[in-house]
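Student: This is the structure, below, for whatever I ask next.
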Amino acid sequence: MGIFNNIVFLIQKYGILFLTGTGYTLLLSLITVFFGSILGSVLAVLKNNRFLIVRSISTAYIEIVRGTPILLQLYIFKFMLPEAIPGFKPSTFVCILVALILNSAAYVSEVIRSGIEAVDKGQTEAARSLGLSKRQTMLKIVLPQAVRYILPALGNEFIMMIKETSLASV
0 MGIFNNIVFL IQKYGILFLT GTGYTLLLSL ITVFFGSILG SVLAVLKNNR FLIVRSISTA
60 YIEIVRGTPI LLQLYIFKFM LPEAIPGFKP STFVCILVAL ILNSAAYVSE VIRSGIEAVD
120 KGQTEAARSL GLSKRQTMLK IVLPQAVRYI LPALGNEFIM MIKETSLASV
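Here the sequence shown is numbered in numbering that gives the first Met the number 0, starting from 0 and rising by one per residue.
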């Protein structure tokens with residue numbers, strides 16, 4: 000009953016503000032993890048690319064984004080980019096959303112990369128010995144097995160995004 004009483008108190012005290020904030024938090028988190036997963040998948044593939052320059056650029060992006068605080072990234076997208084690009088005046092919501100998506104993509108790319116690497120190398124070798132191409136091996140053998148390692152970490156990323164959206168109010 001304690002949590003129910005706390006929710007009733009918050010609704011009575013802060014009314015619609017509490018519900019609006021909860022809605023924005025969930026909306027930001029869902030959009031961020033969805034698009035961050037798509038972009039993170041691309042980054043994970045680029046990080047395993049055979050070309051050194053592509054691999055280096057994706058690795059540098061991932062390490063820089065993961066190595067800087069999310070609040071700094073939010074400040075860059077809200078204050079620095081509109082000043083650096085004349086005529087570019089996005090809304091605060093868009094600035095926050097883009098910063099969170101780019102941050103999430105860096106973390107998700109590492110989740111996907113580690114999930115793929117967690118699949119036993121024997122699976123890849125067996126698929127290749129049966130005549131499957133690298134693409135077929137990845138899509139039909141490795142990725143379905145990697146999903147069991149990736150999904151729990153993606154759930155953690157969603158929870159992290161719920162917590163990080165609180166910085167959007169700053």
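We treat Cβ as the ideally placed atom computed from N, Cα and C, and that holds for glycine.
How should S57 be labelled, buried or exposed, when 16 other C-beta atoms within 10 angstroms of its C-beta is the threshold for buried?
Tutor: For the purposes of this step, residue 57 is taken as the residue at position 58 of the sequence shown. Result: buried.
Student: Does the Cβ of L150 have 16 or more other Cβ atoms within 10 Å, making it buried, or fewer, making it exposed?
Tutor: The sequence position of residue 150 within the sequence shown is 151, counting from 1. It is exposed - the Cβ of L150 has fewer than 16 other Cβ atoms within 10 Å.
Student: In or out: V110 buried (at least 16 other Cβ within 10 Å) or exposed?
Tutor: Indexing the sequence shown from 1 puts residue 110 at position 111. Classification of V110: buried, given that the 10 Å Cβ count is 16 or more.
Student: With G39 as the anchor, note down where its alpha helix (DSSP H) starts and where it stops.
Tutor: Locating residue 39 in the sequence shown gives position 40, counting from the first residue. Taken as a continuous stretch (DSSP letters only), the alpha helix (DSSP H) holding G39 covers I15 to K46.
Student: A126 and R65: beta carbons closer than 7 angstroms?
Tutor: Translated into the one-based positions of the sequence shown, residue 126 becomes position 127. Translated into the one-based positions of the sequence shown, residue 65 becomes position 66. Cβ distance not < 7 angstroms, so A126 and R65 don't count as in contact.
Student: So is K12 buried or exposed if we call it buried at 16+ other beta carbons inside 10 Å?
Tutor: Walking along the sequence shown from the start, residue 12 turns up at place 13. Per the 10 Å Cβ criterion, exposed.
Student: Can you tell me whether L96 is helix, strand or coil according to DSSP?
Tutor: Within the sequence shown, the letter at position 97 stands for residue 96. Here L96 sits in helix by DSSP.
Student: Report whether the distance from the Cβ of I37 to the nearest heavy atom of the ligand GDP is below 6 angstroms.
Tutor: Of the ligands one can find in the structure shown there are none, so the ligand GDP has no counterpart to examine.
Student: Would E82 be called buried (16 or more neighbouring beta carbons within 10 Å of its own) or exposed?
Tutor: The residue labelled residue 82 in the question sits at position 83 within the sequence shown. E82 comes out exposed.
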